[in-house]
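Trainee:
Residue numbers (my numbering): 49 to 502.
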């Protein structure tokens with residue numbers, strides 16, 4: 049392995065801009081390493097100093113929605129250094145990278161990115177962790193970081209290693225039970241080496257955490273029943289995946305877009321986003337076929353960036369009429385306008401132990417747009433929220449009998465003129481991004497005070 053250095057982006061005020069390229073036969077890893085000179089004076093202003101680590105890239109829609117949107121708001125009262133892992137295809141879009149850098153700089157957020165590696169499995173992740181630890185440790189030592197906010201398990205391993213020997217507090221933002229997800233998805237073997245290593249790390253995260261954030265109440269209840277060692281007195285806060293209520297609003301259907309897609313005047317039922325992985329693609333398509341038979345005037349709309357040809361073949365095999373099926377793609381910026389076209393949004397997620405701690409972002413987005421949902425039970429708090437607040441239909445069984453038994457409820461829901469208002473109210477009360485950011489801000493303040501009293 050060899051090392052090559054040359055100039056690149058770093059935070060304002062540093063002596064120079066520099067990037068370190070780590071290269072080997074298998075990897076070329078651009079790693080943004082800011083020079084320390086000038087950074088301390090910029091950060092020495094009495095604000096809470098936060099190092100935020102995300103293994104999801106902020107150039108991706110998920111990262112923009114669930115990382116950057118929060119940090120934009122948190123930056124008003126905190127000095128934030130963001131360390132993210134970006135995919136090569138996203139880094140290749142220089143316009144996108146420049147726009148994101150400008151957005152973060154406008155809010156005073158210092159962004160350092162590392163290139164995400166997927167191959168070879170495990171080894172590439174370990175490599176990412178090692179480089180991440182070097183950067184995070186340098187930040188903790190040079191910038192006087194008060195709180196290391198780790199979004200997920202891989203960032204948590206970086207966090208607890210990097211802060212060792214310093215006074216920074218560790219905020220474990222767990223995002224679900226990741227080790228169990230790996231097993232249930234078939235990526236790891238239950239009882240195997242990776243499983244045991246992962247569980248050992250998980251125990252360390254819980255023991256080391258100075259604060260814990262869960263996406264769901266169901267996840268918090270699992271802490272005690274599952275033997276997760278939360279230290280006495282450590283704050284545990286539930287912050288679900290929230291939505292920007294200024295962007296996702298209740299609007300009339302866009303007539304131009306409706307006409308373009310051929311859905312004007314029809315009830316529109318369908319899906320947005322991912323149609324694979326934890327999402328039960330076959331069951332969703334069979335359900336949409338059932339809907340198309342029961343509601344003869346309805347249109348089936350699927351908005352996704354996944355392969356359209358493959359999806360259309362799967363829809364045809366499931367029995368979805370091709371003349372009433374519309375498959376569309378949309379950028380993240382267009383999603384509010386697109387989601388407002390729906391009369392009901394459908395998503396089924398495979399229920400499992402690990403999914404007790406999960407919350408689908410699209411639930412908050414649909415509800416914010418006034419769109420009721422049709423979902424399955426057994427995933428986080430979603431089923432209880434939808435049923436108790438009457439903002440959709442919850443299916444107990446994803447078979448023909450379960451589909452048929454839901455049709456009467458769906459007819460009632462589509463005819464209910466007040467359902468849109470209930471959806472919006474639910475989003476405002478439970479999934480408001482501003483409220484979510486304020487909860488994180490309160491934790492930052494609480495943990496920073498604990499650092500000053502050490």
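We put the beta carbon where it would ideally sit given N, CA and C, even for glycine. Predicted, not measured: the structure shown is a model, and the values here were computed from it.
(1) Work out the CA separation of residue 191 and residue 89 for me, nearest whole Å.
(2) Mind checking whether residue 431 and residue 439 have CB atoms under 8 Å apart?
(3) Is the beta carbon of residue 264 closer than 8 Å to that of residue 286?
(4) Would you tell me roughly how many angstroms separate the C-alpha atoms of residue 253 and residue 193, rounded to the nearest one?
(5) Short check: CB of residue 489 to CB of residue 125, under 8 Å?
(6) So that I know if they touch, is there some Cβ in chain C lying closer than 8 Å to that of residue 233?
(7) Give me the Cα-Cα distance between residue 204 and residue 411, rounded to the nearest whole angstrom.
(8) Relative to the alpha-carbon of residue 444, which residue among 399, 417 and 485 has its alpha-carbon at the smallest distance?
(9) Count Cβ pairs between the stretch 403–420 and the stretch 116–130 that sit closer than 8 Å; are there 3 or more?
(10) Assuming residue 180 and residue 101 are in contact, meaning their beta carbons sit under 8 Å apart, how far apart are those beta carbons, in whole angstroms?
(11) Nearest-angstrom Cα distance between residue 466 and residue 337?
(12) So residue 390 packs on residue 332, CB below 8 Å; how close in whole Å?
(13) Using only CA atoms, which one of 133, 471, 335 and 367 lies nearest to residue 542?
(14) For the beta strand (DSSP E) that contains residue 407, what are its first and last residues?
(15) When you compare each of 427, 279 and 174 to residue 246 by their alpha carbons, which one comes out closest?
(16) Residue 109: which of 362, 383, 267 and 274 sits nearest, CA to CA?
(17) Short check: CB of residue 107 to CB of residue 145, under 8 Å?
(18) Assign residue 380 to buried or exposed, taking buried as 16 or more other Cβ atoms, counted over all protein chains shown, within 10 Å of its Cβ.
(19) Rounded to whole angstroms, what is the Cα-Cα separation between residue 242 and residue 251?
(20) My output table needs one value for residue 217: the three-state DSSP class, helix, strand or coil.
(21) With distances taken between CB atoms, is the gap from residue 262 to residue 222 smaller than 8 Å?
(22) Assess contact between the stretch 420–431 and the stretch 351–367, defined as three or more Cβ pairs (one per stretch) separated by less than 8 Å. Is contact present?
(23) Tell me, which residues are paired with residue 158 by DSSP?
(24) For residue 127, count the other beta carbons within 10 Å of its own beta carbon; 16 or more makes it buried, fewer makes it exposed. Which is it?
Mentor: So, from the data block:
(1) Along the chain shown, one-based indexing puts residue 89 at 41. Along the chain shown, one-based indexing puts residue 191 at 143. In this prediction, residue 89 scores a pLDDT of 35, lower than 50, which makes its location untrustworthy; no coordinate-derived value is stated.
(2) For the purposes of this step, residue 431 is identified with residue 383 of the chain shown, where counting begins at 1. For the purposes of this step, residue 439 is identified with residue 391 of the chain shown, where counting begins at 1. In this structure, residue 439 does not lie closer than 8 Å to residue 431 by Cβ.
(3) Within the chain shown, the letter at position 238 stands for residue 286. Within the chain shown, the letter at position 216 stands for residue 264. Going by C-beta atoms, residue 286 is nearer than 8 Å to residue 264.
(4) Here residue 253 refers to the residue found at position 205 when the chain shown is read from its first residue. Here residue 193 refers to the residue found at position 145 when the chain shown is read from its first residue. If you draw a straight line from the Cα of residue 253 to the Cα of residue 193, it comes to about 19 Å.
(5) Taking the first residue of the chain shown as 1, we reach residue 489 at position 441. Taking the first residue of the chain shown as 1, we reach residue 125 at position 77. Cβ distance < 8 Å, so residue 489 and residue 125 count as in contact.
(6) This model lacks chain C altogether, as it is built from one protein chain only.
(7) For the purposes of this step, residue 204 is identified with residue 156 of the chain shown, where counting begins at 1. For the purposes of this step, residue 411 is identified with residue 363 of the chain shown, where counting begins at 1. The alpha-carbon atoms of residue 204 and residue 411 are separated by roughly 26 Å.
(8) Taking the first residue of the chain shown as position 1, residue 444 is located at position 396. Among 399, 417 and 485, the Cα nearest to that of residue 444 belongs to 399.
(9) no
(10) As a first step, residue 180 must be located in the chain shown, where it is residue number 132. As a first step, residue 101 must be located in the chain shown, where it is residue number 53. About 7 Å separates the two Cβ atoms, so the contact holds.
(11) On the chain shown, residue 466 is found 418 positions in, with the first residue counted as 1. On the chain shown, residue 337 is found 289 positions in, with the first residue counted as 1. Those two C-alpha atoms are separated by around 27 Å.
(12) Numbered from its first residue, the chain shown carries residue 390 at position 342. Numbered from its first residue, the chain shown carries residue 332 at position 284. No, residue 390 and residue 332 are not in contact; Cβ-Cβ is about 14 Å, not under 8 Å.
(13) Residue 542 is absent from the structure shown; the chain starts at 49 and stops at 502.
(14) Position 359 of the chain shown, counted from the start, is the residue given in the question as residue 407. Per DSSP, residue 407 belongs to no beta strand (DSSP E) and is neither H nor E.
(15) Counted from its first residue, the chain shown places residue 246 at position 198. Measuring from the Cα of residue 246, the nearest candidate turns out to be 174.
(16) As a working note, residue 109 is residue 61 in the chain shown. If we check each option's Cα against that of residue 109, 383 comes out closest.
(17) Along the chain shown, one-based indexing puts residue 107 at 59. Along the chain shown, one-based indexing puts residue 145 at 97. Yes. Within cutoff.
(18) As a working mapping, residue 380 is identified with position 332 in the chain shown. Exposed, by the Cβ-count rule.
(19) In the chain shown, counting from the first residue as 1, residue 242 sits at position 194. In the chain shown, counting from the first residue as 1, residue 251 sits at position 203. For residue 242 and residue 251, the distance between alpha carbons rounds to 14 Å.
(20) Position 169 of the chain shown holds residue 217. Reduced to three states, the DSSP call for residue 217 is strand.
(21) As a working mapping, residue 262 is identified with position 214 in the chain shown. As a working mapping, residue 222 is identified with position 174 in the chain shown. Yes, the pair counts as a contact, with Cβ atoms nearer than the cut-off.
(22) In short, these stretches do not touch, since the Cβ pair count stays below three.
(23) Numbered from 1 along the chain shown, position 110 holds the residue referred to as residue 158. Answer is 129, bridged to residue 158.
(24) In the chain shown, residue 127 corresponds to position 79, counting from 1. Counting Cβ neighbours within 10 Å, residue 127 comes out buried, since at least 16 surround it.
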